[in-house]
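Heads up: the structure comes next, in structure tokens.
In our numbering, the protein residues as written are 229 to 808.
Below, the structure is given as structure tokens:
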């Protein structure tokens, strides 16, 4: 049979009317020996195939005994006791005696073979095969010596008995709940309730059952011990928890003077997968009036079996063009989250500046656990029944020229159709910006409480001087026909509409210098204005002036000279940028 009770194999004897009469014995190599009513002793391999058979000429009403030298002894209804070699050949036979031999032979430690016959006599035969206590302990070689339900319990047919409550045992496994990878400690406690000493007590191998998986680490420790009267001692094993599930340990102990303690079970141990945290954040409402409350909820989930203790949310981060003032939270400040469950933490904020706002954060717990940082949904803050407003999304990096695209989002509490005023900054003053080609224009613009994206194209070439690099910025103000919104400004950015493009290039020197200037500008301009100082700006203005001078001249020598001056200035700027 398989351990789960299903049939592994079966073997049929020669006659349906001659089944085995007694339980089998198992040799140290796993060979199964069983006598049958057909007069044969069968030797089967562990896989159920026949190894050999021996015909004794009469039915075999006893189970075999196996000596320490693997000699097989059995009695027969023909009044004889047989001794077979492990290969199935006859070693010797004794008898006939006065009647059938229906008792199973028993082998003493000196090798003497004892058996009873129906002639009412006890026989004792000498044998070359003596054994010692260690042979008894290993007589089944791992084939369930302590729990084998075979008649007479072991291969020597000694019928070892369980002790009474004079010697008892208990098994405990700790901790009763643990996480994969942690250590299980099994303690077998032997209590000697007798007056005399219990000598050479040693535990059996531990067996385990259940759905969990474990791996052996060490034990038993000690291997054996002697227990004084009215005292107790312990054996200890260590195992590692591997697979989640439940485990129960079973074992017993034995000692000198035929002491065999009845097997007992441990308490159940539950192996869990470790706690694992994940988090999500929700901000509500997604559209909120300026001054009203935003509620932020972080949901922390534990997908593991074990409990996550002292789960604490981080402080929330905020990104976006809107703003919010902290009001309260987190509530609660910490939680314990059982396996496969979740808990919520809540904050409140007061909506501030109009615009879009996103919250972010994570959670941590005891044992170094933490969830990954996560972002909330976007919250839009607006002014109801009020003026429209704009949130710009312009990238100020690099040097701009010609028609410059300014992306923005238009908001209005009543979703009115709006118009725009757009201005640029030049030498201390705000001036009207000329509208370029390809944008959404500045009138008839849709808006909503959640925002409508638009594009304004500024024709910077029409509005700026053509000679030098300019630092400027754009501002936008919406109007819904009744109310005018606030100005919204971009950051400062650079504009240059005069690139190195002289009208006439006469020779290879000027041509090479023009190429070098263009290459240097391609390297330097994208780094502006992030890396910019007054010194760099002054040199850039001077370089652009020399480039403009070259562009406005028809004199080859002058063009070459001006481009060379620009080239040297740009090379100097490049070195400064590289060193920074």
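From the three backbone atoms N, C-alpha and C, an ideal C-beta is built for every residue, glycine too.
Just to confirm, are residue i and residue j a CB contact at a threshold of 9 Å?
i           : j           : result
residue 329 : residue 311 : no
residue 264 : residue 287 : yes
residue 703 : residue 717 : yes
residue 526 : residue 463 : no
residue 258 : residue 274 : yes
residue 553 : residue 609 : no
residue 578 : residue 522 : yes
residue 791 : residue 742 : yes
residue 663 : residue 680 : no
residue 634 : residue 584 : no
residue 437 : residue 478 : yes
residue 568 : residue 599 : no
residue 794 : residue 774 : yes
residue 518 : residue 611 : yes
residue 636 : residue 698 : no
residue 575 : residue 564 : no
residue 399 : residue 412 : no
residue 405 : residue 500 : yes
residue 764 : residue 787 : no
residue 597 : residue 644 : no
residue 281 : residue 316 : yes
Taking the beta carbon of residue i as the centre, do at least 16 other beta carbons fall within 10 Å, making it buried, or is it exposed?
i           : result
residue 444 : exposed
residue 283 : exposed
residue 458 : exposed
residue 480 : buried
residue 332 : buried
residue 395 : buried
residue 776 : buried
residue 233 : exposed
residue 798 : buried
residue 348 : exposed
residue 628 : buried
residue 299 : buried
residue 761 : exposed
residue 543 : exposed
residue 539 : buried
residue 261 : buried
residue 615 : buried
Determine the direct distance from the alpha carbon of residue j to that of residue i, and round the result to whole angstroms.
i           : j           : result
residue 468 : residue 327 : 58 Å
residue 451 : residue 297 : 26 Å
residue 507 : residue 495 : 36 Å
residue 492 : residue 435 : 11 Å
residue 687 : residue 650 : 12 Å
residue 779 : residue 772 : 10 Å
residue 170 : residue 782 : Since the first residue of the chain shown is 229 and the last is 808, residue 170 is not available in this structure.
residue 695 : residue 520 : Below a pLDDT of 50, predicted positions are generally treated as unreliable, and residue 695, at 49, falls in that range; no measurement from the model is reported.
residue 622 : residue 721 : 10 Å
residue 489 : residue 346 : 33 Å
residue 365 : residue 428 : In this predicted model, residue 365 has a pLDDT of only 43, less than 50, meaning its place in the structure is not dependable; the value taken from the coordinates is given anyway. Going by the C-alpha atoms only, they are around 12 Å apart.
residue 536 : residue 562 : 11 Å
residue 534 : residue 498 : 10 Å
residue 601 : residue 460 : 55 Å
residue 545 : residue 639 : 24 Å
residue 582 : residue 503 : 41 Å
residue 844 : residue 593 : Absent from the model: residue 844. The displayed extent of the chain is 229 to 808, so no value can be given.
residue 388 : residue 336 : The pLDDT assigned to residue 388 is 46, lower than 50, so where the model puts this residue is not dependable; a value taken from the coordinates is nonetheless given after this. Approximately 12 Å, taken between the alpha carbons.
residue 407 : residue 425 : 41 Å
residue 267 : residue 285 : 5 Å
residue 723 : residue 659 : 15 Å
residue 642 : residue 675 : 8 Å
residue 403 : residue 529 : 25 Å
residue 691 : residue 666 : 17 Å
residue 766 : residue 736 : 29 Å
Are the C-beta of residue i and some C-beta of chain B separated by less than 9 Å?
i           : result
residue 803 : No chain B is part of this structure, which consists of one protein chain only.
Contained beta strand (DSSP E) runs [length at least 3] in the region 234-303, N- to C-terminal order: 260-263, 268-272, 278-283, 300-303
Stretch pair the region 583-599 + the region 507-516: three plus CB contacts closer than 8 Å: yes
Completely contained beta strand (DSSP E) runs for the region 544-586, where each covers 3 or more residues: 545-548, 552-559, 563-565, 569-579
Every unbroken beta strand (DSSP E) inside the region 471-548 [3 residues or more]: 473-479, 481-483, 497-500, 505-512, 515-517, 521-530, 536-541, 545-548
Beta strand (DSSP E) segments (min. 3 residues) lying fully within the region 664-708: 680-687, 698-700, 702-707
Contiguous beta strand (DSSP E) assignments of at least 3 residues, all confined to the region 416-449: 426-431, 435-437, 441-449
Segments assigned beta strand (DSSP E), at least 3 residues, entirely inside the region 751-795: none
Start-end ranges of the beta strand (DSSP E) lying completely within the region 310-352, minimum 3 residues: 318-322, 341-345
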